[in-house]
Each structure stands twice: as C-alpha cells, then as structure tokens.
C-alpha cells in the first residue's frame with residue numbers, strides 16, 4: 001500500500017455502552033475521520049447529536065457501506081449481530097474492527113476470518129485489553145523472563161452486570177482469554193466450566209472456568225454479573241516472581257512480588273520427617289506505568305494495519321481462537337462440567353464424544 | 001454426666017506451628033488444666049519450657065495416656081499422624097480434639113468416628129474457623145434469611161505456604177469446606193478439581209475446586225501455597241444481599257452489600273430486543289463483630305461437650321464429610337479434572353467408574 | 001424574570017485544565033448553549049476544534065462580551081486573572097461563573113460582589129465540591145443531627161501538583177474551605193498556618209492550616225503539591241458518629257462509623273485513680289450515593305439562578321468569605337505562624353497588629 | 001564492666017495495658033530473668049499468675065528494690081507516676097527502663113537524667129518505635145541520602161483511645177516525636193498546637209501540632225483519642241523520594257515513591273506566563289522488612305547498655321528533649337496556639353513572654 005495523506009474514513013455502528021468511546025477516540029485520532037454514526041435507536045441518536053454537532057448519523061447501514069469515503073467500519077453492537085454486520089462490511093470491501101467476541105459461533109468466526117483473508121482486508125476483534133498499559137507491562141515481565149516459568153494464573157472479573165442473552169461467559173470471559181493468550185502465547189488444551197443460573201436456566205450469570213494451556217500453565221477464571229463489588233483481579237505466579245494485576249487499586253494496578261519458594265530438604269523434628277519449601281523474601285514493586293487510553297492505541301493499531309498491512313496485535317486468528325475456547329467452555333457448561341479438549345486443529349472433544357459446532361449452548 | 005468442680009486435665013501433642021496456640025489457650029481457659037506437653041523434638045521442648053516454666057513435657061505418649069489425671073488429648077501433629085494418635089487416645093478412654101483434617105483417608109476417619117461413638121467419647125476435629133466471629137456473623141446472616149437464597153460462593157486462600165507431604169488440598173481446603181458446610185448446611189453433591197504441581201509431581205501446591213451442593217449453590221475454591229500475597233477472601237452471593245469476607249481487611253472482615261439484581265423485561269432499542277437486569281443499589285455495611293479468639297471458643301466447646309454430652313459445633317461427622325470431599329477432590333485431581341459425585345451414602349463415583357478408597361492420591 | 005424557552009448563551013473563557021470539562025458539560029446541559037470559546041493559546045484552540053467541530057473560538061473577549069446572544073460567561077483561567085475578567089463581564093451585563101477562588105485579594109473579591117449585587121447579576125464562584133454527591137451526603141448527616149455535635153475535622157489534600165504562582169494555599173485550600181463552611185455553616189474565627197517552601201521562597205508548596213470556627217469546632221488542613229501519592233481524605237468527628245470521606249477509595253467515598261466514646265468515672269486500680277471513656281462500638285456503613293457529575297449540577301444551579309433569581313449554593317458571599325480566610329492564612333504564613341483572627345466584619349487581626357489587605361503575600 | 005554469665009534480674013512494675021508485653025518479652029530474652037512483678041491491683045495479679053505460674057508478684061516496691069538479685073526495673077505505670085518510681089529505683093542503684101514519657105514535667109525529667117548520670121546507671125525511656133523495623137528502614141533511607149533533603153513530614157495517630165488525665169499530647173505525641181527526632185536528627189526549634197476538648201476542658205483529646213525543626217523541615221502531627229478508625233500514617237517528603245509509613249496496611253507498612261517534582265520554566269500559553277514543576281515518575285516499592293518484635297529489641301538494647309555501658313538508641317537525653325517539646329506544645333495549647341520557641345538551652349519562649357517550667361498545663 002502507498003502512504004496516504006488524508007485520514008481514513010470511518011463509520012461507527014452502534015452508540016450503546018461502548019460506541020460513544022469509539023466515536024470520541026476516532027474523532028481525536030489524526031489518522032481517522034468519523035464519516036457517520038450508524039444507529040437505529042432515536043434516543044441514542046439524540047445523545048450522539050448533542051455531543052457531536054456536525055457529524056451525521058444514519059440507520060441505513062447499506063447506504064453507508066456504499067459511500068466511497070468510508071474505508072473502515074467499527075462495530076459496537078451486541079455479540080449476536082457481529083457476524084452479519086461484519087460479513088456485510090467485508091463484502092463491501094471495508095476494513096472491520098468488531099467488538100469482542102468476533103462472533104458467537106465457531107463456524108461464523110471461521111467464515112469471517114476466511115472472508116477477510118480472501119479479500120485482503122483487516123478484520124480486527126476489539127480485544128481492548130491487549131492495548132492496556134498494565135497488561136503490556138506484565139506481558140513484558142513474562143516475555144523477558146523476569147517472572148520465570150509461569151505456573152498458574154487466577155482471574156476474577158465480577159460486578160453487577162448488564163444481563164445479555166449471550167451469557168456471562170460470552171460477555172466477560174473474552175477479556176480474560178485475550179489477556180491469557182497474549183501473555184502465555186500458547187494454545188488452550190482444555191477447558192472445564194461450571195456455572196450458576198438464576199434468572200434464566202439457559203443463561204449462566206456466573207461461571208468458573210479452569211483452563212489448561214499446552215506445556216503446563218493452568219488458569220482459573222471466575223466471571224459473574226451477580227457480584228455486588230467490582231472485582232478485576234488477576235494473579236500470575238511464576239517461578240521467580242509473582243504479579244498481581246488489579247485495575248481497581250488506587251495506587252498502581254500492577255504489583256510485582258519478588259518473593260517465592262524454593263524446595264529444600266530440611267532435617268525435620270525426629271518424630272516426622274518432612275520436606276520444606278524455603279521462602280525467598282523480597283520487595284513488592286508497583287512499577288511506573290505510563291497512562292494511555294487503550295482504545296486510542298487500539299484504533300492506532302487498526303489504522304496502522306490498514307495502512308501498512310502489518311498484523312494488528314489483536315488479530316483475527318486470536319479472535320477465532322477465543323471463540324473456540326468460549327465454545328468449549330459452553331459445551332462443558334452445558335454438560336456436567338467435564339473437561340473439553342481443544343485439538344490442535346480446533347475441534348472440540350469431550351470425554352464422552354466429539355463435539356460438533358452444533359453442541360454449543362446457543 | 002455430673003457437674004465437676006476441678007478442671008479437665010489436658011495433654012497437648014505437638015508444639016510446632018499450632019501447638020503453642022493450643023497450649024496458651026488451654027492455660028487461660030478455667031475449664032481446662034494443662035497436665036503436660038507431648039513432644040519429641042528437643043528444640044520445641046526448649047521453646048515450650050522457656051515460655052511455660054512449671055509444666056512438664058514428655059515424649060512418651062503411652063505413659064501420658066496412662067495418667068488418670070488426663071481426661072483429654074489435643075493433637076496438633078501433621079495430618080498423616082492423626083489417625084494413629086487419635087485412635088490410641090480414644091482406646092485409652094480419652095476425649096480427643098484433633099487438628100484438621102480428622103484423617104487423611106476416608107476409612108480411617110470412619111473408623112475414628114465409629115470408635116468414638118462406641119466408647120461415648122468426644123471426637124472433635126479442630127475446624128477452628130467455625131468459632132471465628134466473622135464466620136458466625138455470616139452464618140447468622142444466611143440462616144436468618146437476610147441474604148436470601150444463596151447462589152454461589154467463591155473462596156481464595158493463598159499465601160506462601162509451608163510445603164507438606166499431604167498436599168495443599170489437604171492443608172488448606174479443609175478451612176473452606178468446613179466454612180461452606182457450616183454456612184450452607186447441605187451436603188456436597190460433586191467436586192471437580194484441577195491442580196498445578198511444581199516441586200513434586202505427586203503433590204499439588206495449587207488447586208482449583210468447583211463444588212456443587214445439593215439443591216443448588218455452587219462454589220469455586222482456589223487454594224495455593226505459591227502465592228506471594230496472603231489472600232483470604234470469600235464472596236457469598238445471595239438473592240437479597242451479598243457478603244465479602246476478607247480476614248486481611250484492616251477495617252472489618254465482613255462487608256454486607258445491600259445491592260443486587262432484579263430481572264426485568266425492558267423495551268430495548270428497536271434494532272435488538274433484550275432483557276435487562278435492574279440494579280438494586282444500597283449501602284455497604286461492615287457490621288460490628290466482637291473480637292474473640294476462635295481457638296479459645298473452640299476449647300470451650302470441647303470442654304462443654306465433654307462435660308454435658310452436647311454435640312460440639314465442629315463435630316466428628318462434619319469432620320468425616322470433609323475428609324470425603326477431600327478424597328473426591330483428590331480423585332478428580334488424580335484423574336483429568338472430571339466431576340466426582342459423592343452419593344448420599346458417602347461413596348465416590350467418577351464418570352468413568354466407582355472410586356474405591358484406594359484411588360486417593362496418597 | 002419570565003420563563004424563557006431558548007437556552008442561555010454561554011462563553012467559556014480558558015481551555016486549560018478545567019475549561020474542557022466546562023465546555024463538555026455546557027454542551028450536554030439543555031438549559032445552556034455554548035456560543036463560543038475564548039482562548040488565546042493556538043494549541044488549546046486546536047484541541048478544542050478537534051473535539052467540538054462547529055463551535056467557534058475567539059481570542060477577543062471584548063467582542064464576545066458585545067455579542068447579545070451571550071447571557072453568561074464561565075471563567076476558567078488562572079486565579080490572578082479572575083478579577084479583571086469577571087469585572088469586565090459583569091460591566092458588560094453578563095452573569096458570571098468564575099473558577100475558585102473568586103479573586104486573589106480581599107478587596108477585589110469585595111468589589112466583584114458589590115458590582116454583581118448592584119447590577120443584579122449572578123456572580124457564582126465555582127466551588128464544585130458543593131455539588132459533589134458525597135459532600136452533600138455528609139452535609140445531610142450533619143444538618144440532620146445524625147453525627148451529633150461536630151468536634152473537629154481533619155483534611156489532607158495532597159498530590160504532585162502543578163506549580164502555580166499563587167501558591168498551594170490559593171490552589172488547594174479553597175476546596176477544603178468551601179466544604180468546611182458548607183458543612184459547619186458558621187464562620188471561621190481564626191486561622192494559623194505554617195508552610196514549607198522548596199522551589200521559590202515566596203510560594204509555599206505545602207501548608208498546614210489550623211482553623212477555629214465560631215462556637216467550637218476546629219479543623220486541621222494539610223495541603224501540598226509535593227506528595228507522591230494522591231491523598232483526598234477528610235475525617236469528621238462528631239459526638240454521635242464519625243465520618244471518613246476519601247475520594248480515592250474504590251468502594252465508596254463515605255464511611256460512617258457508628259462508634260464513639262462516652263465519659264465514665266471508673267473505679268480504677270487502687271494505686272492510681274483514673275477516669276475512663278467507654279467505647280460505643282457499632283457498624284461501619286458506606287451509604288449508597290447516587291453518581292452524578294458535580295460540574296453538571298453546578299451549571300444547572302448557575303442556570304437556575306440566572307432564570308429564577310434564587311441564590312446558588314455556591315454563592316458570591318461564600319466565595320468572598322473563602323478569599324478572606326485565604327488572606328488570613330497567608331498572613332499567618334508570612335508571619336511566624338501565629339493565629340490571625342477574622343472579625344465578624346471581615347477584618348484580619350494578628351497578635352501583633354491589625355492586618356490591612358496589603359499584608360497578603362501576593 | 002566485666003562480662004557476666006548469669007542473666008540480669010528484672011522487676012516489672014505495672015501489669016496494665018503494656019506490662020504483660022514487657023513480662024512476656026523479659027521471659028523470652030536470654031539476657032534477662034524476671035525476678036518478680038510489682039502490682040497492687042489484685043485482678044491484674046490474678047491475670048499474671050494464670051499466665052506465668054512460678055513467678056512471684058508483690059505490691060511492696062521498696063522490698064523489691066532491696067533485693068540484691070534485682071539489677072533493673074521496668075516501669076509500665078501511668079505517666080504521672082514515672083518520676084517518683086524511677087527516682088526511687090535509681091536511688092536504690094537499679095537501672096531503669098521507664099515507659100514514655102520519661103516524666104510529665106521538664107524539671108522532673110532533668111532531675112532523673114542528672115541522677116542517672118551521677119550514679120552511672122542506665123535510664124532508658126521506652127520509646128519502642130525506635131526499635132520498630134519499618135521505622136529503622138526509613139531511618140536508613142534518610143541517613144543514606146536516598147530520600148534527599150527532607151522537606152516535611154505529616155503524621156496522623158488517631159483511634160478511639162483510653163482517656164488519661166495527662167491528655168492526648170502526653171499519651172500519643174511521644175511516639176511521633178521520638179520517631180521524628182530519630183529520623184531527622186536535629187532539634188525542634190518551635191512548636192505550635194491547637195486542641196479540642198470535649199469531655200474535660202483541661203484535657204485535650206485531640207491536638208494538631210506544627211513543629212519546625214532546626215535547618216528546615218517542618219512537621220504536622222494530628223493526635224486524637226476520638227477517631228473511630230485507627231489511623232497510623234506518616235508521610236515523609238524528600239527532594240529525591242517520598243515515603244509513606246502506615247502500620248495498618250496489610251501489604252507492607254513502608255512504601256517508597258520514586259516520584260517527585262523538578263522546577264522548570266515552561267513557555268506557557270501566550271495569555272498568562274507561568275512556571276511549572278515537572279514530574280519525575282517512577283516505581284512504588286514496598287521494601288522487604290524483616291519481622292521482629294520491637295519490644296524484644298528494646299529490651300536487648302537495655303540489657304546491652306547495662307552490660308557494656310553503650311548508650312541505648314532510646315537514651316535519656318532523647319527522652320528529656322521529648323518532654324521539653326511536649327511542654328512547649330502544651331504551653332501553646334494553653335495559650336492561643338501561638339508558636340513556642342525552644343532555645344538551644346532548652347528554655348521555652350512564647351511570642352508574649354518567656355515560659356517558665358510552671359507554665360505547663362499540668
């Protein structure tokens with residue numbers, strides 16, 4: 001591609017919870033120009049107009065796709081609508097940034113990835129946490145070896161949440177999965193999940209996932225819409241250091257514990273011999289992390305990917321893998337919580353029988 | 001039994017991590033009199049003598065059991081020794097308080113319970129958390145209905161821990177299980193567990209347990225010896241209120257959130273219909289909780305049980321059920337993490353085959 | 001005044017730290033319409049234009065004041081410029097909202113108050129904390145008598161701060177003073193102040209103020225630009241309950257402690273008689289506080305005051321009193337820290353000699 | 001002095017709040033041997049006997065002083081009794097550890113220091129914080145220059161406190177003063193104080209002290225018995241780094257902020273020129289601090305001082321200076337809060353007139 005001087009024309013689809021943030025950041029990024037908002041709800045349109053006089057809105061997605069000034073589409077609508085909207089945009093030759101998850105069914109996500117690759121268009125799932133400065137600080141600590149071998153990760157992501165028909169796993173777990181896949185840089189080998197349903201027997205509002213990654217590390221993920229207190233905590237335990245990541249901490253989201261255990265054979269009390277771990281005691285450090293708005297960095301990566309052809313950090317195959325893990329988690333949930341294995345080829349297998357894509361609790 | 005005026009004579013066995021606390025509390029309780037310490041390790045004996053001049057110690061457990069002044073024995077030794085020591089003491093006609101878990105194998109725990117019942121002696125597992133004022137405050141909130149129906153509980157119990165041959169599940173999970181069984185007052189229907197092993201492939205230092213209780217609630221329990229930060233947090237989510245219990249909070253271990261969700265059908269934006277939960281917003285209360293040392297209350301309950309025949313709060317059948325759940329968790333751990341069902345009769349069944357007591361990862 | 005249907009025309013002056021927030025809120029409030037921004041700095045003008053296409057900006061304040069569509073002016077420039085800009089606007093017949101403090105010299109503030117009263121225009125100092133929901137919750141607790149008699153208040157307001165030629169007292173203490181005067185609803189009788197100067201001997205970056213209010217309560221206020229950690233904490237101690245207000249707490253800014261002391265004569269150990277206070281122990285409550293943006297509420301009060309003639313909560317005489325207390329504090333700072341008395345008539349008297357307005361460390 | 005093999009004989013006087021801790025630590029230190037407790041209150045004596053069978057108690061202080069096995073006396077009685085008890089013990093040729101403050105009047109403290117020096121006996125005030133590992137960690141940071149020049153210190157020490165006839169300044173401020181004098185290692189040049197009295201007009205339960213140290217640094221100290229929440233926080237701001245010390249923090253009492261400000265002349269917006277401080281942003285470190293019981297270290301220093309003649313860290317002239325600063329604070333409190341200057345010779349001078357020792361609010 002050749003360098004271009006004018007900004008990329010962008011349409012934002014949906015002005016609900018997340019859309020206004022995309023609109024604001026598109027307006028502030030010099031590489032992008034907001035051509036229009038696509039939104040059907042008149043109340044949302046009025047909110048948009050009060051804040052952004054002079055930018056048009058429309059409810060006619062097809063007409064906007066036909067506009068040659070539009071280079072790219074940012075989709076911020078509910079998960080179930082992602083596939084249809086993203087396919088239309090790709091078919092119209094537009095680059096696509098679509099909110100997580102990429103799609104709600106594995107075969108839909110696969111179809112989108114294929115379509116984008118065939119048409120040489122950017123298809124980027126909006127895994128915004130991959131652009132969060134604390135997440136990247138921890139990524140650096142892991143890839144530089146400072147934490148040593150990673151043993152396990154726990155994650156709790158809970159709050160009083162907006163009920164969505166796609167369930168809490170589809171709503172919250174993509175955050176944890178994107179972070180875990182980015183940090184650990186290896187595929188998920190199996191997932192087991194147990195959930196609680198209170199309001200609708202088909203839709204879990206709380207779920208506990210246990211993930212096994214290839215070559216070792218495991219993770220326990222708690223997601224819930226029912227918790228009264230906002231919890232955003234991950235603990236990463238490595239052989240050399242350990243890290244706590246908590247976005248709600250007023251005084252630094254990341255804490256590095258230079259503490260740990262070493263195995264030692266100790267001469268124990270005569271009556272009962274025992275091994276013992278010895279403690280390495282050290283400082284706790286809350287590293288300096290430069291403030292930056294992740295969504296602005298994500299949009300910069302999207303623009304860069306369109307302009308240079310580079311793969312964005314939050315790329316379509318990562319988005320597809322997350323959809324597969326979500327499907328495995330929901331298959332385990334729909335069963336009795338047994339582990340569901342994800343093969344290297346991406347097929348799901350439970351203890352009982354191979355799982356086809358149709359086994360997902362839709 | 002008839003009222004007695006002289007205090008009950010007690011022998012404490014083991015002066016390692018927990019024994020000194022038992023010794024101190026036995027000395028301060030008027031119903032109890034410390035006859036002697038039983039300890040083989042000379043270093044521990046010297047520590048004991050410096051602090052408690054005038055109380056004898058001995059390494060001859062049999063001789064102490066033969067002493068008619070001894071009414072009861074408090075056993076604070078490693079888990080693997082509990083069964084043999086407790087059996088000897090019961091056979092000698094002594095009441096027994098034994099640290100948790102009651103035993104490391106189900107059949108051993110069953111044998112102890114049978115023996116104590118046959119000999120009409122008190123056999124009390126030391127589930128000290130059942131005497132913790134915050135745990136009892138939450139028990140009151142649950143049994144009074146203030147929290148409503150309990151949906152789920154999460155628990156994290158992590159710190160840099162002393163390695164023990166019996167594994168982290170045996171070491172830490174009894175705390176969570178005793179609290180959960182006490183609060184929820186119903187049996188565990190199934191357990192699945194995944195673990196991480198770092199130092200010894202046969203001994204998990206970290207484990208994630210998912211429990212399903214009869215008639216509904218589920219629980220996710222994270223236990224680890226590898227975490228750099230002490231974590232002691234339980235979240236109890238009910239239909240009316242929710243509670244956070246965190247022993248490390250400087251300003252009150254219990255917080256009651258008068259917040260929650262109600263289901264509502266909301267007329268959503270025209271383009272995609274949706275249900276919605278509405279939030280009930282309310283105060284957060286850290287209730288006044290009177291300070292009291294749980295171990296002192298536990299010893300008072302032990303003495304009362306010996307003197308009056310009343311069942312102690314931490315009773316032998318509770319201790320036995322905890323040993324069964326531990327065995328189920330370790331069976332799941334030793335397998336591939338599939339749920340292990342505990343029948344009403346106490347037998348363990350995995351998806352694959354019934355599990356005998358010999359399947360425990362010893 | 002008669003009801004009007006069209007929104008009030010507003011000019012915002014200054015687009016530095018606070019101006020963008022005023023611009024955004026003016027645009028979102030239906031009673032107000034942003035006519036233009038007044039700003040000389042081209043970089044700031046560019047920031048404004050990127051965010052708000054379609055609203056003009058100008059560096060000609062006089063021309064904007066001559067525009068008949070302009071009903072009101074919001075001044076968000078450095079403190080030393082407040083007097084001249086506000087006077088011009090009032091003389092042009094415009095209502096004025098001016099950032100705190102109203103002016104940097106007592107006689108300037110007095111002149112502005114006189115001018116606005118003569119011309120029957122609203123002159124409102126921007127003490128935004130008076131519109132903060134937590135501050136109002138505590139105001140309710142005090143005026144309803146729930147806290148009992150107020151004994152004292154401590155306040156710490158510290159962070160790494162932007163150096164300003166007017167000093168930290170002028171920059172940060174107006175927040176504390178506005179809150180204290182609003183809560184305690186009585187005048188400050190005397191002020192003593194001690195400060196630290198590091199970078200410029202004439203400008204304190206840290207100051208400790210001790211205030212005595214009429215009829216009793218006292219307050220200790222710590223303000224600093226040199227503190228590495230953001231501290232925003234006030235403690236209000238009353239005879240019945242006590243309150244902590246901390247804007248940095250993730251889980252509720254206000255905590256009510258239903259705890260306290262009662263005096264009691266206790267029969268003490270024979271060797272030394274003593275009185276004793278007994279503790280009233282009770283719950284800690286973090287009350288539900290509805291979220292609202294204080295600046296939006298402040299602008300609504302400004303609009304309402306213009307339209308109805310009602311006195312705004314943050315009124316000009318409150319702003320004047322704050323300027324007087326600041327002058328007293330700076331007189332004490334410029335001396336040796338002795339208390340400076342503020343008479344009922346508003347004159348300042350130190351131990352040594354009456355202080356004229358010229359004694360202020362300008 | 002010659003090395004001795006037998007432990008030093010110790011009498012502890014008073015078994016109220018602090019005495020039991022001294023008794024326990026004397027029993028555990030090998031250099032010391034508890035000869036007896038001196039206590040008149042029968043209830044306290046019974047508590048002592050239950051915990052320490054085999055150690056005698058007595059209410060006859062003179063008889064205990066006559067016992068040649070007694071080398072030293074530890075006095076843990078109310079402040080007003082310190083002078084008479086310590087004088088008796090010194091006159092009997094015993095070394096003395098006396099709880100803070102050394103005495104309640106300057107001339108009494110001077111007399112004790114003189115007497116001990118004349119008789120070549122150790123007189124050690126019990127400023128236990130000087131043996132606290134976090135306090136010593138910060139002392140190291142200051143003396144090594146790591147914090148740079150110290151600008152100021154704030155301290156808040158508040159909780160619901162036991163009322164004492166000597167007032168809150170006498171009860172709590174000695175902690176802050178001992179820490180400040182130890183850290184800053186220079187004398188207090190002046191003190192101003194304002195207080196609140198609620199229950200007894202002659203006894204402040206809350207006080208705000210502002211201290212100026214020689215050559216620069218100042219400190220603001222808030223002490224109160226009326227605060228519902230336990231506050232133990234000191235902030236030390238230096239030119240290079242800043243430290244927060246908070247004993248109630250679960251995750252490390254000391255936090256070092258590698259952040260700060262540098263002065264810079266910045267080309268500001270054309271309309272109003274301004275200087276600006278630039279921020280140095282850096283990590284926050286909670287350094288590893290080895291756990292140790294301060295009182296045990298204090299008793300070791302006392303024993304070492306008796307055996308070797310070395311000056312203890314908490315030495316008598318430090319104790320005397322603290323009594324002088326307390327007297328200055330109370331003189332300011334008894335007046336109208338004006339600064340009271342402490343001369344190099346230790347005399348107190350207010351703005352109005354020199355203060356004799358009789359001006360203390362007794």
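Protein chains in written order, with the UniProt record's numbering: chain A, 1 to 362; chain C, 1 to 362; chain U, 1 to 362; chain R, 1 to 362.
Using N, Cα and C, we set each Cβ at its ideal position, and we do this for glycine too.
Practice task
Would you decide whether residue 210 (chain U) is buried or exposed? Buried here means 16 or more other CB atoms lie within 10 Å of its CB.
Solution key: Position 210 of the third chain, counted from the first residue, corresponds to residue 210 (chain U). That one is buried.
Handout entry: Residue-chain proximity (residue 133 (chain A), chain R), Cβ-Cβ < 9 Å
Key = Counting from one through the first chain, the residue named residue 133 (chain A) turns up at place 133. So no, residue 133 (chain A) is outside the interface.
Practice task
Would you tell me roughly how many angstroms separate the C-alpha atoms of residue 247 (chain U) and residue 133 (chain U), rounded to the nearest one?
Solution key: On the third chain, residue 247 (chain U) is found 247 positions in, with the first residue counted as 1. On the third chain, residue 133 (chain U) is found 133 positions in, with the first residue counted as 1. Between residue 247 (chain U) and residue 133 (chain U), the C-alpha separation is close to 11 Å.
Exercise for the section: Determine the burial state of residue 324 (chain U): buried for a count of at least 16 other Cβ atoms within 10 Å of its Cβ, exposed for fewer. Expected result: As a working note, residue 324 (chain U) is residue 324 in the third chain. Flag for residue 324 (chain U) reads buried.
Exercise for the section: Give me whichever residues DSSP pairs with residue 208 (chain A) in a beta bridge. Expected result: Here residue 208 (chain A) corresponds to residue number 208 of the first chain, with the count starting at 1. Answer by DSSP bridge pairing, in chain order: A:194 and A:222.
Practice task
Assign residue 246 (chain C) to one of three DSSP states: helix, strand, or coil.
Solution key: Counting from 1 along the second chain, the entry for residue 246 (chain C) is found at position 246. Three-state result, residue 246 (chain C): strand.
Problem - chain U contacts from the region 7 to 35 of chain A (Cβ-Cβ distance under 9 Å) - result: 24, 27, 28 and 30
Exercise for the section: Give the DSSP-derived three-state secondary structure of residue 125 (chain U) in the structure shown. Expected result: As a position in the third chain, residue 125 (chain U) is number 125, starting the count at 1. If DSSP states are grouped into helix, strand and coil, residue 125 (chain U) belongs with the strands.
Exercise for the section: Mind checking which residues open and close the beta strand (DSSP E) that includes residue 296 (chain U)? Expected result: Translated into positions along the third chain, residue 296 (chain U) becomes position 296. Where residue 296 (chain U) is concerned, there is no enclosing beta strand (DSSP E), although the alpha helix (DSSP H) it sits in stretches over 294 to 308.
Problem - Identified DSSP bridge partners for residue 152 (chain U) - result: Counting from 1 along the third chain, the entry for residue 152 (chain U) is found at position 152. Looking at the DSSP assignment, residue 152 (chain U) forms a beta bridge with U:218 and U:237.
Problem - Other residues of its chain near residue 369 (chain R): CB distance less than 8 Å, five sequence neighbours each side excluded - result: With chain R running from 1 to 362 in the structure shown, residue 369 (chain R) is simply not present.
Exercise for the section: Output, in sequence order along the chain, the residues in the region 54 to 66 of chain R whose CB is closer than 9 Å to any CB in chain A. Expected result: none
Exercise for the section: Using a Cβ-Cβ cut-off of less than 7 Å, list which residues of the region 181 to 200 of chain R approach chain U; keep chain order. Expected result: 192, 194, 196, 198 and 199
Handout entry: Residue from R:164, R:177 and R:86 whose Cα sits closest to the Cα of residue 153 (chain R)
Key = Reading the fourth chain from its first residue, position 153 is the one you call residue 153 (chain R). The shortest Cα separation from residue 153 (chain R) among R:164, R:177 and R:86 belongs to R:177.
Practice task
Could you tell me which chain B residues have their CB closer than 9 Å to the CB of residue 50 (chain R), listed as they occur along the chain?
Solution key: Absent from the structure: chain B. Protein chains present are A, C, U and R.
Exercise for the section: Compare the Cα-Cα distances from residue 91 (chain A) to each of A:105, A:97, A:253 and A:65 and report the closest residue. Expected result: In the first chain, counting from the first residue as 1, residue 91 (chain A) sits at position 91. The option with the nearest alpha carbon to residue 91 (chain A) is A:65.
Handout entry: Identity of the residue in C:23, C:30, C:233 and C:11 nearest residue 155 (chain C) by Cα
Key = In the second chain, the residue the question calls residue 155 (chain C) occupies position 155. Nearest C-alpha to residue 155 (chain C): C:233.
Exercise for the section: For residue 171 (chain U), count neighbouring Cβ atoms within 10 angstroms of its own Cβ and tell me buried if that reaches 16, exposed if not. Expected result: Position 171 of the third chain holds residue 171 (chain U). Per the 10 Å Cβ criterion, buried.
Exercise for the section: With a threshold of 16 other CB atoms inside 10 Å of the CB of residue 240 (chain C), please say whether the residue is buried or exposed. Expected result: Against the second chain, residue 240 (chain C) aligns to sequence position 240. The residue is exposed, with fewer than 16 neighbouring Cβ atoms inside 10 Å.
Handout entry: Residue closest to residue 308 (chain C), alpha-carbon to alpha-carbon, out of C:110, C:121, C:167 and C:81
Key = As a working note, residue 308 (chain C) is residue 308 in the second chain. Among C:110, C:121, C:167 and C:81, the Cα nearest to that of residue 308 (chain C) belongs to C:121.
Handout entry: For residue 245 (chain C), the nearest candidate out of C:7, C:157 and C:189 (CA to CA)
Key = Reading the second chain from its first residue, position 245 is the one you call residue 245 (chain C). Comparing Cα positions, the closest option is C:157.
Exercise for the section: Can you give me the start and stop residues for the beta strand (DSSP E) that residue 9 (chain U) sits inside? Expected result: Position 9 of the third chain, counting from 1, holds the residue named residue 9 (chain U). Run containing residue 9 (chain U): 8 to 13, per the beta strand (DSSP E) assignment.
Exercise for the section: Establish whether the CB of residue 47 (chain C) and some CB of chain U are separated by less than 9 Å. Expected result: Position 47 of the second chain holds residue 47 (chain C). It does not; no Cβ of chain U falls within 9 Å.
Problem - Meets three-Cβ-pair contact criterion under 8 Å: the region 5 to 18 of chain C and the region 62 to 81 of chain C - result: yes
Exercise for the section: Note down, in chain order, every chain A residue with its Cβ under 7 Å from the Cβ of residue 146 (chain C). Expected result: Here residue 146 (chain C) refers to the residue found at position 146 when the second chain is read from its first residue. Here the premise fails: no neighbours, minimum Cβ distance about 14 Å.
Practice task
Whole angstroms is fine: what's the gap from residue 296 (chain U)'s alpha carbon to residue 200 (chain R)'s?
Solution key: Counted from its first residue, the third chain places residue 296 (chain U) at position 296. Counted from its first residue, the fourth chain places residue 200 (chain R) at position 200. In a straight line, the C-alpha of residue 296 (chain U) is about 46 Å away from that of residue 200 (chain R).
Problem - Beta-carbon spacing of residue 9 (chain U), residue 70 (chain U) below 9 Å - result: One-based indexing of the third chain puts residue 9 (chain U) at position 9. One-based indexing of the third chain puts residue 70 (chain U) at position 70. Result yes, Cβ atoms of residue 9 (chain U) and residue 70 (chain U) sit closer than 9 Å.
Problem - C-alpha gap between residue 119 (chain U) and residue 316 (chain U), whole angstroms - result: Here the question's residue 119 (chain U) lines up with position 119 in the third chain. Here the question's residue 316 (chain U) lines up with position 316 in the third chain. Cα to Cα, the separation comes out at about 14 Å.
Problem - residue 266 (chain C) to residue 179 (chain A) span [Cα, whole Å] - result: If you number the second chain from 1, residue 266 (chain C) lands on position 266. If you number the first chain from 1, residue 179 (chain A) lands on position 179. Residue placement at residue 266 (chain C) cannot be trusted, given a pLDDT of 46 that sits under 50; the coordinates are not used to answer.
Problem - Presumed contact (8 Å Cβ cut-off) between residue 52 (chain U) and residue 73 (chain U), rounded CB distance - result: Position 52 of the third chain, counting from 1, holds the residue named residue 52 (chain U). Position 73 of the third chain, counting from 1, holds the residue named residue 73 (chain U). Not quite, the Cβ-Cβ distance comes to about 18 Å (not below 8 Å), so this is no contact.
Exercise for the section: State buried or exposed for residue 93 (chain C), treating a residue as buried only when at least 16 other CB atoms are found within 10 Å of its CB. Expected result: Looking up residue 93 (chain C) in the second chain gives position 93. Exposed, since its Cβ has fewer than 16 Cβ neighbours within 10 Å.
Practice task
Inspect the CB distances between the region 297 to 305 of chain A and the region 106 to 117 of chain A and report whether three or more fall short of 8 Å.
Solution key: no
Practice task
Establish whether the CB of residue 362 (chain R) and some CB of chain U are separated by less than 9 Å.
Solution key: Counting from one through the fourth chain, the residue named residue 362 (chain R) turns up at place 362. Because residue 362 (chain R) carries a pLDDT of 32, less than 50, the predicted location of this residue cannot be relied on, and no value is offered for it.
Exercise for the section: List the endpoints of the continuous beta strand (DSSP E) containing residue 257 (chain C). Expected result: Locating residue 257 (chain C) in the second chain gives position 257, where the first residue counts as 1. From DSSP, the beta strand (DSSP E) with residue 257 (chain C) extends over 254 to 257.
Practice task
Identify each residue in the region 115 to 128 of chain R for which the Cβ-Cβ distance to at least one residue of chain U is less than 9 Å, and report them in chain order.
Solution key: none
Exercise for the section: For residue 286 (chain C), decide whether its Cβ has a neighbour in chain U, counting only Cβ atoms nearer than 9 Å. Expected result: Reading the second chain from its first residue, position 286 is the one you call residue 286 (chain C). Yes, its Cβ sits closer than 9 Å to a Cβ of chain U.
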